[in-house]
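Colleague: Got a structure for you, questions after.
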Amino acid sequence: MYHIGFGDDHGAKYVILPGDPGRVEKIAGYLDKPRFYHQNREYTTWLGELDGQTVMVMSTGMGGPSTAIGVEELYMAGLRTFIRVGTCGGMAEKVIGGDVVIATGAIRQDGTSKEYVPIEFPAVADISVTNALIQGAKDLGVTWHAGVVQCKDSFYGQHSPDRMPISYELNDKWQAWIKAGCLASEMESATLYIVAQILGARAGCVLNVVWNQERAAKGLSNPESHDTEIAIRTAVEAVRLLISDEPKTSR
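Letter by letter, the sequence shown follows residues 265 to 515 in the working numbering.
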């Protein structure tokens, strides 16, 4: 494949997708027999084993365009189940730094997904992958939330909206998402879900909450957590559950 740099000789059907290339080796370390596989551009790839199955870990870089390219080429290389592991900022008051958010769906405030299907089509996670992530979080005993997240293209559009010429729209929509019960904000899930839907693949997303700017604005306790271990372990456990369910799941 032109961008990810490898073909279909890896033997994996499942892939865990962090954004950061620096997290790939760490995630692969939770698998058996982790080994470097390939690196090109933002796409760093390792392989490992889990319950007798080869599992891939590949970084996507930040944002929708590189995520879409990576997922497209991974699908062409034989991957069929995609789990994003990333970070997010909490939006709902109940979402606290160190919690895990499992994204059941995403607000399509990205640009990439609009070049796949009109905006009226929802960005929704695969139910089997989502259920595995929820069960994985339960089994690990972590604090988790499942629901809708906001997927954006501009990090600083969120964190410095008032200096943007389009601040009126950014601020109004932010408040609308909060009133509607949006849990958190991140940058890849909507693209992942739409591309997977169009390809006929399965996708889910689990996120570590770094902090919550809404709690900070209200003067509430607002711990910060930059350690993605809990989200990684949740994703790995979900893959294990999906593997165990393989004979009973239609493809």
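We put the beta carbon where it would ideally sit given N, CA and C, even for glycine.
Return helix, strand or coil for Pro298, following the three-state DSSP convention.
Modeller: Stepping through the sequence shown from its first residue, residue 298 is reached at position 34. The answer is strand: DSSP assigns Pro298 an E or B state.
Colleague: Under 8 Å, do Asp417 and Asp374 count as touching if we go by C-beta distance?
Modeller: For the purposes of this step, residue 417 is taken as the residue at position 153 of the sequence shown. For the purposes of this step, residue 374 is taken as the residue at position 110 of the sequence shown. Yes, the pair counts as a contact, with Cβ atoms nearer than the cut-off.
Colleague: Candidates Ala460, Thr331 and Thr308: which alpha carbon is nearest Met320's?
Modeller: As a first step, residue 320 must be located in the sequence shown, where it is residue number 56. Measuring from the Cα of Met320, the nearest candidate turns out to be Thr308.
Colleague: Kindly identify the DSSP beta-bridge partner or partners of Cys415.
Modeller: For this step, residue 415 is matched to residue 151 along the sequence shown. Note: Cys415 sits in a beta bridge opposite Arg372 and Glu450.
Colleague: Compare the C-alpha of Val470 against each of Ala454, Ser424, Ala481 and Gly316 and name the closest.
Modeller: Position 206 of the sequence shown, counted from the first residue, corresponds to residue 470. Selected option, being the one with the closest Cα: Ala454.
Colleague: For Tyr380, name the three-state secondary structure that DSSP assigns.
Modeller: As a first step, residue 380 must be located in the sequence shown, where it is residue number 116. It is coil, neither helix nor strand.
Colleague: Nearest-angstrom Cα distance between Ala387 and Trp441?
Modeller: What you label residue 387 is simply residue 123 of the sequence shown in a count that begins at 1. What you label residue 441 is simply residue 177 of the sequence shown in a count that begins at 1. So the alpha carbons of these two residues sit roughly 15 Å apart.
Colleague: Answer yes or no: do Tyr294 and Arg504 have a C-beta to C-beta separation smaller than 8 Å?
Modeller: By one-based count along the sequence shown, residue 294 stands at place 30. By one-based count along the sequence shown, residue 504 stands at place 240. In this structure, Arg504 does not lie closer than 8 Å to Tyr294 by Cβ.
Colleague: Under 8 Å, do Gly369 and Ala396 count as touching if we go by C-beta distance?
Modeller: Sequence index remark: in the sequence shown, residue 369 carries index 105 (1-based). Sequence index remark: in the sequence shown, residue 396 carries index 132 (1-based). No, the pair does not count as a contact, with Cβ atoms beyond the cut-off.
Colleague: Should the segment 454-466 be regarded as contacting the segment 485-494, the criterion being three or more beta carbon pairs within less than 8 Å?
Modeller: No: the two stretches stay apart, fewer than three of their Cβ pairs being nearer than 8 Å.
Colleague: Hey, would you say His267 sits closer than 8 Å to Glu337, going by beta carbons?
Modeller: Here residue 267 refers to the residue found at position 3 of the sequence shown. Here residue 337 refers to the residue found at position 73 of the sequence shown. In contact: His267 and Glu337 (Cβ atoms closer than 8 Å).
Colleague: Given Trp310, which residues of its chain have a CB within under 7 Å of its CB, disregarding the five upstream and five downstream residues?
Modeller: Residue numbering aside, residue 310 sits at position 46 when the sequence shown is read from its first letter. Excluding residues within five positions, the ones whose Cβ falls inside 7 Å are Val288, Glu289, Ala292, Pro298, Arg299, Phe300, Tyr301 and Val321.
Colleague: For my contact list, Gly283 and Thr324 are in at a C-beta cut-off of 8 Å; report their separation, rounded to the angstrom.
Modeller: Position 19 of the sequence shown, counted from the first residue, corresponds to residue 283. Position 60 of the sequence shown, counted from the first residue, corresponds to residue 324. The pair is a contact, with the Cβ atoms about 6 Å apart (cut-off 8 Å).
Colleague: Excluding five sequence neighbours on each side, which residues of the same chain lie with their C-beta closer than 8 Å to the C-beta of Ala502?
Modeller: Within the sequence shown, numbered from 1, the residue matching residue 502 stands at position 238. The answer, listed in chain order, is Ile347, Val393, Ala396, Leu397, Gln399, Gly400, Gly468 and Val470.
Colleague: Expressed to the nearest angstrom, what Euclidean distance is found between the alpha-carbon atoms of Glu450 and Asn472?
Modeller: Position 186 of the sequence shown, counted from the start, is the residue given in the question as residue 450. Position 208 of the sequence shown, counted from the start, is the residue given in the question as residue 472. The straight-line gap from Cα to Cα measures roughly 10 Å.
Colleague: Applying the 10 Å Cβ sphere with the 16-neighbour rule, what's the burial state of Met355?
Modeller: In the sequence shown, the residue the question calls residue 355 occupies position 91. Answer is buried; the Cβ neighbour count reaches 16.
Colleague: Taking the alpha-carbon positions, what's the Gln477 to Asp273 distance?
Modeller: As a working note, residue 477 is residue 213 in the sequence shown. As a working note, residue 273 is residue 9 in the sequence shown. Rounded to the nearest angstrom, the two C-alpha atoms are 44 Å apart.
Colleague: What does the alpha-carbon distance come out to for the pair Ile391 and Tyr339?
Modeller: Your numbering for residue 391 matches position 127 in the sequence shown. Your numbering for residue 339 matches position 75 in the sequence shown. Going from the Cα of Ile391 to the Cα of Tyr339 covers about 19 Å.
Colleague: Apart from the five residues just before and just after Ala499, which ones in its own chain have a Cβ nearer than 6 Å to its Cβ?
Modeller: The residue given as residue 499 occupies position 235 in the sequence shown. Answer for Ala499: Ile280, Ile347, Val349 and Val470, listed in chain order.
Colleague: How long is the line joining the alpha carbons of Glu306 and Gly286, rounded to whole angstroms?
Modeller: Residue 306 sits at position 42 when you count from the first residue of the sequence shown. Residue 286 sits at position 22 when you count from the first residue of the sequence shown. Between Glu306 and Gly286, the C-alpha separation is close to 10 Å.
Colleague: Would Gly445 and Gly411 qualify as a contact pair, given that the criterion is a beta-carbon distance under 8 Å?
Modeller: As a first step, residue 445 is located in the sequence shown; it is residue number 181 there, counting from the start. As a first step, residue 411 is located in the sequence shown; it is residue number 147 there, counting from the start. In contact: Gly445 and Gly411 (Cβ atoms closer than 8 Å).
Colleague: According to DSSP, Phe346 sits in a beta bridge with which residue or residues?
Modeller: By one-based count along the sequence shown, residue 346 stands at place 82. The partner list for Phe346 (beta bridge, DSSP) reads Val279 and Ala467.
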